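Novice: Have a look at the structure that comes next, please.
Number of protein chains: 2
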Amino acid sequence: MGKPKYLIIKESLLESIEGQEANTPIQSEREISAHLNASRMTVRRAIEELVEEGILYRDKNKGTYVGDKKLHKKTPLLLLEEASKEDTTYNIIYFDVKTRDEEDIYEKLNMRFDDQYLRVVRLVSEKEIPTSVEEVYIARKNISDEDMRNLDTVLNLDHYIEQGILNQVFNPMIVPTQYANLLKMKINEPIIRVDSLISQKDGRPFVFVKSYYNPNKKKIEITL
Amino acid sequence: MGKPKYLIIKESLLESIEGQEANTPIQSEREISAHLNASRMTVRRAIEELVEEGILYRDKNKGTYVGDKKLHKKTPLLLLEEASKEDTTYNIIYFDVKTRDEEDIYEKLNMRFDDQYLRVVRLVSEKEIPTSVEEVYIARKNISDEDMRNLDTVLNLDHYIEQGILNQVFNPMIVPTQYANLLKMKINEPIIRVDSLISQKDGRPFVFVKSYYNPNKKKIEITL
DNA sequence: TAGTGGTCTAGACCACGCC
DNA sequence: GCGTGGTCTAGACCACTAG
Numbered sequence: 019m020g021k022p023k024y025l026i027i028k029e030s031l032l033e034s035i036e037g038q039e040a041n042t043p044i045q046s047e048r049e050i051s052a053h054l055n056a057s058r059m060t061v062r063r064a065i066e067e068l069v070e071e072g073i074l075y076r077d078k079n080k081g082t083y084v085g086d087k088k089l090h091k092k093t094p095l096l097l098l099e100e101a102s103k104e105d106t107t108y109n110i111i112y113f114d115v116k117t118r119d120e121e122d123i124y125e126k127l128n129m130r131f132d133d134q135y136l137r138v139v140r141l142v143s144e145k146e147i148p149t150s151v152e153e154v155y156i157a158r159k160n161i162s163d164e165d166m167r168n169l170d171t172v173l174n175l176d177h178y179i180e181q182g183i184l185n186q187v188f189n190p191m192i193v194p195t196q197y198a199n200l201l202k203m204k205i206n207e208p209i210i211r212v213d214s215l216i217s218q219k220d221g222r223p224f225v226f227v228k229s230y231y232n233p234n235k236k237k238i239e240i241t242l
Numbered sequence: 019m020g021k022p023k024y025l026i027i028k029e030s031l032l033e034s035i036e037g038q039e040a041n042t043p044i045q046s047e048r049e050i051s052a053h054l055n056a057s058r059m060t061v062r063r064a065i066e067e068l069v070e071e072g073i074l075y076r077d078k079n080k081g082t083y084v085g086d087k088k089l090h091k092k093t094p095l096l097l098l099e100e101a102s103k104e105d106t107t108y109n110i111i112y113f114d115v116k117t118r119d120e121e122d123i124y125e126k127l128n129m130r131f132d133d134q135y136l137r138v139v140r141l142v143s144e145k146e147i148p149t150s151v152e153e154v155y156i157a158r159k160n161i162s163d164e165d166m167r168n169l170d171t172v173l174n175l176d177h178y179i180e181q182g183i184l185n186q187v188f189n190p191m192i193v194p195t196q197y198a199n200l201l202k203m204k205i206n207e208p209i210i211r212v213d214s215l216i217s218q219k220d221g222r223p224f225v226f227v228k229s230y231y232n233p234n235k236k237k238i239e240i241t242l
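Those protein sequences? They're chains A and B, same order as listed. At position 136 of the first sequence (counting the first as 1) the number is 154 in our numbering, and the numbers step up by one without a gap. At position 137 of the second sequence (counting the first as 1) the number is 155 in our numbering, and the numbers step up by one without a gap.
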């Protein structure tokens, strides 16, 4: 297999620190390098990534240590997937192809006046508890006819996030009445709507999502 | 001066792409390496960081390009400083040293029953427009007697964030009546309270902040 | 003084895109 | 076949910490 060596070292390090207490020192870069028959630069790269993720941290001139699990890096939406995956189910409430309706969607998706777009509303549940309502918007021209017949692939947002750039805006509001029931909330309760725009690296927007989170069921949290 | 070469290269790259349109290709790593008399690995490191920040992006086997400014990486709180700095002013509303009061503070700051803590409430304004109210909590034992006489240094959170780890939780709520006036909001308006915990790399919590943002004056946004 | 992480070099080979 | 970014090597020197 062609897996890069630094990734193998990374896994090996992850294994070796598993169950270790926070602030336990790991071997020095030179020791690991000799032990795993790799150059020091390659070992450094593996450690570098684990430091980025908050799994290890370095103290200059002293050593490298196991990080506190509480402080592992997290980001929302991605966190949503990570926390659940298997436990998450989607129920489609509504789905249509529209033109010339919501103004803000045209701006976000950088569409022209008459462009069509797909709008899907779905209820997201984790362990059968409804946690949010998502309104997903995608420009029709970005979906192949094939994909239109199998929307599951189109609506799997993980894939886009991986290779794209995610921008999120957090808006406080009163839960929309039409969603209060779905989320099993009382009317007049405050919620956060997260507006997520996923773009390609060249800046072209791809998908826009408005997520209405039930704050009692889903903690919105980041660590970085 | 002892500034690392890769940082100098980074600055040089930033200069050379200034004003360039998105998706413009930059020189290849080998060209830059020859041009600046540096090894390719050093050039790569400089580019790597700019890619992390969203300022450049790479296309495998093709080249490296200028990124879209809209997609430069942003994170809240840090964003707050970045966007303003000079324009931001703080007015202290309240300040005291307390014991045995708010339960959640003890848990967050990992204090014992009788430990004292400092509580400061301040109004944050940008360009003289009030944008948020911050409640800042710090364990008394983490503040030297000297610092107690000059709270400005203690309350400059930038410094802690730089070397620490930031965890933020987003809570929707109705604006607390005592803050509605300060923020020039009507009562019953929904807001987001951001709970920020800044910890050392070894996991020891240092400062906890509850920020009440006026959503009409301050957009809470992340890009990553 | 010995050991650590931080920086840097001058090569090398690879897979892949484009012509 | 040429150029690109991605990976990797086997050294090197530095500043700093700790015994």
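The beta carbon of each residue, even a glycine, is placed where N, CA and C say it ideally should be. For clarity, every value in this text was computed on a predicted model and none was experimentally measured.
Whether or not the stretch 192-200 of chain A and the stretch 32-43 of chain B are in contact is what I'm after, with contact meaning three or more pairs of Cβ atoms, one per stretch, closer than 8 Å; do they touch?
Specialist: no
Novice: Name the one or two DSSP bridge partners that B:Tyr135 has.
Specialist: B:Lys116 and B:Ala157
Novice: Taking 8 Å as the cut-off, does the stretch 41-57 of chain B touch the stretch 138-149 of chain A (at least 3 CB pairs, one atom from each stretch)?
Specialist: no
Novice: Step through the CB atoms of chain B and report whether any lies within less than 7 Å of the CB of A:Phe113.
Specialist: no
Novice: Closest to A:Thr93 by CA distance: which of A:Gly221, A:Gly72 and A:Pro223 is it?
Specialist: A:Gly72
Novice: Can you tell me where the alpha helix (DSSP H) holding B:Tyr71 begins and where it ends?
Specialist: The displayed chain sequence assigns Glu, not Tyr, to residue 71 of chain B. Looking at the DSSP string, B:Glu71 is not in any alpha helix (DSSP H), and its letter there is neither H nor E.
Novice: Mind checking A:Arg211: buried by the 16 CB within 10 Å criterion, or exposed?
Specialist: buried
Novice: What would DSSP say about B:Glu36, mapped onto helix, strand or coil?
Specialist: coil
Novice: For B:Ser214, write down the residues that DSSP places opposite it in a beta bridge.
Specialist: B:Gln186 and B:Val227
Novice: Does chain B have any CB closer than 7 Å to the CB of A:Leu184?
Specialist: Interface annotation, A:Leu184: in contact with chain B, CB-CB separation under 7 Å.
Novice: Mapping DSSP to helix, strand and coil, what is A:Ser51?
Specialist: helix
Novice: By the three-class DSSP mapping on this structure, what secondary structure does A:Thr93 have?
Specialist: coil
Novice: Measuring alpha carbon to alpha carbon, tell me which of B:Asp77, B:Phe131 and B:Lys236 ends up nearest B:Ala157.
Specialist: B:Phe131
Novice: How would you label A:Ile110, buried or exposed, when you count the other beta carbons within 10 angstroms and need 16 or more for buried?
Specialist: exposed
Novice: Please state the DSSP three-state secondary structure of A:Ile44.
Specialist: coil
Novice: Based on DSSP bridge pairs, tell me the residues matched to B:Thr82.
Specialist: B:Arg76
Novice: Sorted by chain position, which residues of the same chain lie with C-beta nearer than 8 Å to A:Ile238's C-beta, five sequence neighbours on each side aside?
Specialist: For A:Ile238, where only same-chain residues beyond five positions count, the Cβ hits under 8 Å are Pro94, Phe188, Ile210, Val212 and Tyr231.
Novice: Which residues in the same chain have their Cβ closer than 6 Å to the Cβ of A:Val84, if we skip the five residues on either side of it in sequence?
Specialist: Ile35, Gln38, Ala40 and Thr42
Novice: Is it right to say B:Leu74 is buried, meaning 16 or more other beta carbons lie within 10 angstroms of its own, or is it exposed?
Specialist: buried
Novice: Please go through the same chain and pick out, in chain order, the residues whose beta-carbon is closer than 8 Å to the beta-carbon of A:Arg245, but skip the five residues on each side of it.
Specialist: An answer regarding residue 245 of chain A cannot be provided, because it is not within the stretch 19 to 242 covered by chain A.
Novice: Measure from the alpha carbon of B:Gly81 to the alpha carbon of each residue in B:Thr106, B:Thr60, B:Ile44 and B:Val69, then state which is nearest.
Specialist: B:Ile44
Novice: Which class does B:Ser143 belong to by DSSP, given the choice of helix, strand or coil?
Specialist: strand
Novice: Starting from B:Glu125, follow the alpha helix (DSSP H) in both directions and report where the run begins and ends.
Specialist: Glu121 to Lys126
Novice: What residues match up with A:Ser150 in a beta bridge as DSSP calls it?
Specialist: A:Val142 and A:Tyr231
Novice: Would you mind working out which of B:Lys28, B:Ile240, B:Val225 and B:Lys21 sits nearest B:Tyr135, comparing C-alpha positions?
Specialist: Among B:Lys28, B:Ile240, B:Val225 and B:Lys21, the Cα nearest to that of B:Tyr135 belongs to B:Val225.
Novice: Which residues in chain A sit within 8 Å of B:Val187, going by Cβ to Cβ distance?
Specialist: Lys237, Ile238 and Glu239
Novice: Please compile the residues from chain B whose C-beta is within a distance smaller than 7 Å of the C-beta of A:Ile210.
Specialist: Residues of chain B whose Cβ lies closer than 7 Å to the Cβ of A:Ile210 are, in chain order, Phe188, Pro190 and Ile210.
Novice: Can you tell me the Cα-Cα spacing of A:His90 and A:Thr241, whole angstroms?
Specialist: The alpha-carbon atoms of A:His90 and A:Thr241 are separated by roughly 7 Å.
Novice: Classify B:Glu104 as helix, strand or coil using the three-state DSSP reduction.
Specialist: helix
Novice: Strictly under 7 Å for the Cβ-Cβ distance: is A:Tyr155 near chain B by that measure?
Specialist: no
Novice: Any Cβ of chain B within less than 7 Å of the Cβ of A:Ala40?
Specialist: yes
Novice: Output the distance between the C-alpha atoms of B:Tyr178 and B:Ser217, rounded to the nearest integer angstrom.
Specialist: Here the alpha carbon of B:Tyr178 sits roughly 8 Å from the alpha carbon of B:Ser217.
Novice: Can you round the beta-carbon distance between B:Leu200 and B:Val151 to whole angstroms, since I take them to be within the 8 Å contact cut?
Specialist: 6 Å
Novice: Quick check: is the beta carbon of B:Gly221 nearer than 7 Å to any beta carbon in chain A?
Specialist: yes
Novice: Under 7 Å Cβ to Cβ from A:Pro233, same chain only, skipping five residues before and after it: list those, please.
Specialist: Ile209 and Ile210
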